[in-house]
Amino acid sequence: CPWPGVTGQLVLCQHLPGGTDCERMVGSSAVYRVCFGTACFHLAQAALLLNVRSSSDCRAQLHNGFWLLKLLVLVSLWAASFFIPEDNFIQAWHYTGVCGGFAFILIQLVLITAFAHTWNKNWLTGAAQDKRWYLAVLLATAIFYTLASAAFFFLYKFYTHPAACLLNKALLTINGSLCGIMSFISITPCVRLKQPRSGLLQSSIISCYVMYLTFSALSSRPPERGRCPCPPPAVPTEDTTVAVLGAAIMYACVLFAWCVYPAGHSQPNWLAQMEENARGQFIIQDEQDRVAYSYSAFHFVFILASLYGPTTFTHGSWSTFWVKVSSCWACVLLYLWLLLSPFCLHGSPQHRRSSTGPRIVRRRRAPQRINVST
1 CPWPGVTGQL VLCQHLPGGT DCERMVGSSA VYRVCFGTAC FHLAQAALLL NVRSSSDCRA
61 QLHNGFWLLK LLVLVSLWAA SFFIPEDNFI QAWHYTGVCG GFAFILIQLV LITAFAHTWN
121 KNWLTGAAQD KRWYLAVLLA TAIFYTLASA AFFFLYKFYT HPAACLLNKA LLTINGSLCG
181 IMSFISITPC VRLKQPRSGL LQSSIISCYV MYLTFSALSS RPPERGRCPC PPPAVPTEDT
241 TVAVLGAAIM YACVLFAWCV YPAGHSQPNW LAQMEENARG QFIIQDEQDR VAYSYSAFHF
301 VFILASLYGP TTFTHGSWST FWVKVSSCWA CVLLYLWLLL SPFCLHGSPQ HRRSSTGPRI
361 VRRRRAPQRI NVST
């Protein structure tokens, strides 16, 4: 029972099981090679910038300058990657990208969760002065839950079939149920007692992200021969939609980390200070004592982003499909751990030792009787 508009093709062709059509091999191979060159570029910088403590270090100039030279090196790595023989390069880099993409998805979840907590905290702080902020929180929560519900019904309508697609139906049911359980746990009284800032706003944002990962996983599922395929019918731009959504979320997470992460430190001299004069704004050197963030960790995140790119901008395979499915479950488990960790750590020996510190007992003096004789 084939559906019209099925455009999903395996891009790894002969290198992966089941791939026979190589019409788009050149484009997909180019994506893998460009991402490989980008990963090598950031890997070299991460190694060279290891243990940089201050901007006065000569190696810090490599991170903060030499832009033209670094651009030339990056383009050279891109060009050199096209001379790598086809033999096992695509297959090896595919599985490497799958593992790195899984790690980057978890980093995205941490950043999205931090964004949701920051958003909820700021708006609830404003609600202490103006009750209309509560309405804004409820409105935002309703919007995100509406988007998640719409995505669930869309996927159930277009990615399932009455006669087949049992795997898709099972995954949608499981992921939808996990989102409901996660939302219920976030508002239970015992969780709110330990996590006063937890609420439905964070759960709604995480639910939207889980539905996006489910959409990405189902879109990357390769068609099965001899069975009813399960991509959406009459949606010729499904690959473009997944790629655009993936790129938008990826760059939004990177921008959020770049804007918010330095502000999370408690040391004032770690922050970038802006001053104005007659000529406009300029940035004061703020990393003399210590850098605002780890340069190596910064480039390591971009290495993972480069590994995540091929899983987003190319057609999928079974390995990509199952990695994205498992990432959905890992996201839910990680968020549940963030909610329930206070209960798990409450009974730990370290917590008991910290809670049973030295106590000072003050005894009241007994009232003294004073005899006054005249």
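Using full-length UniProt numbering, the first residue of the sequence shown is number 1, and each one after it goes up by one. Ideal placement from N, C-alpha and C gives every residue a C-beta, glycine not left out. Since the structure is predicted, the reported quantities are computational estimates derived from the model, not experimental observations.
Exercise. Under the rule that 16 or more other beta-carbon atoms within 10 Å means buried, what is ALA150, buried or exposed?
Worked result: exposed
Problem set entry | Integer-rounded CB distance, given that SER198 should sit under 8 Å from SER186 | 5 Å
For this session: Name the residue from LEU71, PRO196, SER29, LEU340 whose alpha carbon lies nearest to the alpha carbon of ASN120.
Result: PRO196
For this session: Taking only the alpha-carbon atoms, compute the straight-line gap between PHE321 and PHE66 and give it to the nearest angstrom.
Result: 40 Å
For this session: Going by CA-CA distance only, name the one from SER56, ALA30, LEU111, SER317 that's closest to ILE205.
Result: LEU111
For this session: Could you have a look at ALA116 and say whether DSSP puts it in helix, strand or coil?
Result: helix
Problem set entry | Contacting residues, own chain, Cβ-Cβ under 6 Å from residue 376 (five flanking each side not counted) | Residue 376 lies beyond the stretch modelled for the chain, which goes from 1 to 374, so this question has no answer here.
For this session: Please determine if the segment 77-90 and the segment 37-45 are in contact, where contact requires at least 3 C-beta pairs separated by less than 8 Å.
Result: yes
Problem set entry | Runs of alpha helix (DSSP H) lying entirely within the segment 84-140, each at least 4 residues, in chain order | 89-127
Problem set entry | First through last residue of the alpha helix (DSSP H) which encompasses PHE313 | 295-313
Exercise. How do the segment 123-134 and the segment 153-164 stand: do at least 3 beta-carbon pairs fall below 8 Å, yes or no?
Worked result: no
Exercise. In three-state DSSP terms, what is ALA217?
Worked result: helix
For this session: Please report how far the alpha carbon of VAL210 lies from the alpha carbon of CYS331, in whole angstroms.
Result: 7 Å
Exercise. In the structure shown, what three-state DSSP assignment does ALA164 receive?
Worked result: strand
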